[in-house]
Amino acid sequence: MSFDLQGRVAVVFGVANKRSIAWSIAQGLHNAGAKLA
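Just so we're aligned: 29 in this note's numbering is position 32 of the sequence shown, and the numbers increase by one with no gaps anywhere.
Structure below.
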């Protein structure tokens, strides 16, 4: 499934390290075009 999040801004909490679930969510949002705060 593909999402187009161009122009959207997201805040992801709980990014402790590269093995955290929040890290994967942040990567997915970034790959979909969202800007991360």
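Beta carbons: idealized from backbone N, C-alpha and C, even for Gly. Predicted model, so just to flag it, every value in this text is computed and none were measured.
DSSP lists 6 as the bridge partner or partners of residue 32. In this structure, DSSP gives residue 25 a helical state, which the three-state scheme calls helix. DSSP places residue 19 within a helical segment (H, G or I) once states are collapsed to three.
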